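Take the working numbering: the last position of the sequence shown gets the number 334, and nothing is skipped along the way.
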Amino acid sequence: MFEPQALYVERGAERYPLGETLVRRYLGRGVPVHWVDDHNRIPELRAWPDRTLPQKKRLLILGVRKTIRLVPNRLSADYILPFTSSGCPAMCVYCYLLCTFFTNSYLRVFVNRDEIWRAVDRKEAHTDRDIVVEIGSNSDLVLEDTLTGSLQWAIDRFSGLRRLQGTLATKFAAVEPLLALDHRRRTRLRVSVNPEPIVRRLEVGTAPLDRRLEAARMLHQAGYPVGVNLAPVVLEDGWERDYGQLLDRLEAELPESLKRTLFFEIIFMTYGVANCRLWAEVSPRIRQPYDPARMRPKGRGKYAYRPEVRGPAEAFFRRELKRRFPQAILTYVC
Ligand code: SF4
């Protein structure tokens, strides 16, 4: 359970019911509350040096989301909807959000969820085909839900839709509040996993692998469509052994009924120049997963695995998934 050390609240956020609830709750617990004009521009926090990332990750920012729109997507969903949060209190070394938000990748909660949801209602009213909407691209909604209940709120709303289905991935395991919901299979949850040594070294502050697998079992038993994300795949010495052991565990520990309906996503790690720079400042002794022998620049400010490294790894995963989970669907590899 994440307990913020301080709140920064955009003026006006407290006029929304969720904003009011959160401000009251944390004031009641003696948490300092600072009022700001714009959740996107908090001069005081911008002045904090980069090495204070761990301190910033203990903050909670409340704001009102202004830009609300469904963005077309062709990977995990048909559309992405930036939803009720961005950022996260965990500190995954490779976190893609560091490229976008850098040290401002703290948890930011948007309290105007009814306004955000209108984009879903509009699409539902104007489509005659089935559409999957990714709502977890900027944060981890299972973690956010422990503070706001917004994931439960969204699952409840998706359950009433005919065409639109929600989806999100998580590295957390606090799924108990979701289990009794009347979700009508309108929300697909993808449990994101990695080998134990990667989880321990690079996914700081997330749930241990055991608990994520338990979450996958519980969600499946509760009737949710459940997928597994192998994400991000990190190719270091011994990767074949480590991912082989991870797949052994999935094979041994997931129920047969889940293995028959499972869907997989494989996402190879990209690593930001920003991540390199930030971790050198925050934690110089950390062993970063950037490997110039295996990676090359891709796009602006990122490194990706060289084709001659990624190709055999992709073949390994395709072969192993087909052999171990013949009925599962591999939704995409990227
Ligand atoms: S859990 Fe996801 S959003 Fe949070 S730090 Fe890790 S990669 Fe980033």
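Each residue gets a CB set at the ideal place from its N, CA and C atoms; glycine is no exception.
Fair warning: this is a prediction, and the values are worked out from it, not measured in the lab.
In whole angstroms, what separates the C-alpha of residue i from that of residue j?
| i | j | result |
| --- | --- | --- |
| residue 213 | residue 19 | 33 Å |
| residue 4 | residue 58 | 5 Å |
| residue 174 | residue 144 | 10 Å |
| residue 45 | residue 56 | 8 Å |
| residue 209 | residue 292 | 28 Å |
| residue 314 | residue 306 | 12 Å |
| residue 72 | residue 82 | 12 Å |
| residue 168 | residue 101 | 20 Å |
| residue 250 | residue 238 | 19 Å |
| residue 320 | residue 64 | 45 Å |
| residue 154 | residue 79 | 16 Å |
| residue 279 | residue 88 | 17 Å |
| residue 337 | residue 310 | Absent from the structure is residue 337, since the part of the chain shown begins at 1 and ends at 334. |
| residue 74 | residue 202 | 28 Å |
| residue 331 | residue 27 | 45 Å |
Looking at the C-beta of residue i, does it have a partner C-beta in chain C at a distance below 8 Å?
| i | result |
| --- | --- |
| residue 34 | Here there is only one protein chain, and chain C is not present. |
Kindly indicate the opening and closing residues of the alpha helix (DSSP H) around residue i.
| i | result |
| --- | --- |
| residue 216 | 209–221 |
| residue 26 | 17–28 |
| residue 199 | 196–202 |
| residue 244 | 239–253 |
| residue 141 | 141–148 |
Could you pull the start and end residues of the beta strand (DSSP E) that residue i belongs to?
| i | result |
| --- | --- |
| residue 271 | 270–272 |
| residue 331 | 329–333 |
| residue 192 | 187–193 |
| residue 305 | 302–305 |
| residue 59 | 59–63 |
| residue 69 | Note, residue 69: premise wrong, no beta strand (DSSP E); not H, not E. |
| residue 134 | 131–134 |
| residue 296 | 295–297 |
| residue 170 | 164–170 |
| residue 9 | 6–10 |
Have a look at the options and flag the residue whose alpha-carbon is nearest the alpha-carbon of residue i.
| i | options | result |
| --- | --- | --- |
| residue 93 | 305, 281 and 316 | 281 |
| residue 317 | 285, 267 and 284 | 267 |
| residue 211 | 139, 201, 202 and 196 | 196 |
| residue 204 | 184, 148, 127 and 288 | 288 |
| residue 37 | 247, 76, 11 and 245 | 11 |
| residue 327 | 182, 13, 53 and 264 | 264 |
| residue 206 | 104, 156, 95 and 9 | 95 |
| residue 51 | 178, 77, 104 and 69 | 104 |
Within 10 angstroms of its Cβ, does residue i collect 16 or more other Cβ (buried), or is it exposed?
| i | result |
| --- | --- |
| residue 40 | exposed |
| residue 67 | exposed |
| residue 99 | buried |
| residue 171 | buried |
| residue 215 | buried |
| residue 186 | buried |
| residue 294 | buried |
| residue 35 | exposed |
| residue 42 | buried |
| residue 308 | exposed |
| residue 140 | buried |
| residue 15 | exposed |
| residue 176 | exposed |
| residue 240 | exposed |
| residue 146 | exposed |
ask   = Is there contact between the stretch 271–283 and the stretch 251–259, where contact requires at least three CB pairs shorter than 8 Å?
value = no
Contact between the stretch 106–126 and the stretch 157–166 is defined here as three or more beta-carbon pairs at a separation below 8 Å; is this criterion met?
yes
- Task: Examine the Cβ distances between the stretch 220–233 and the stretch 189–197 and report whether three or more of them are shorter than 8 Å.
- Result: yes
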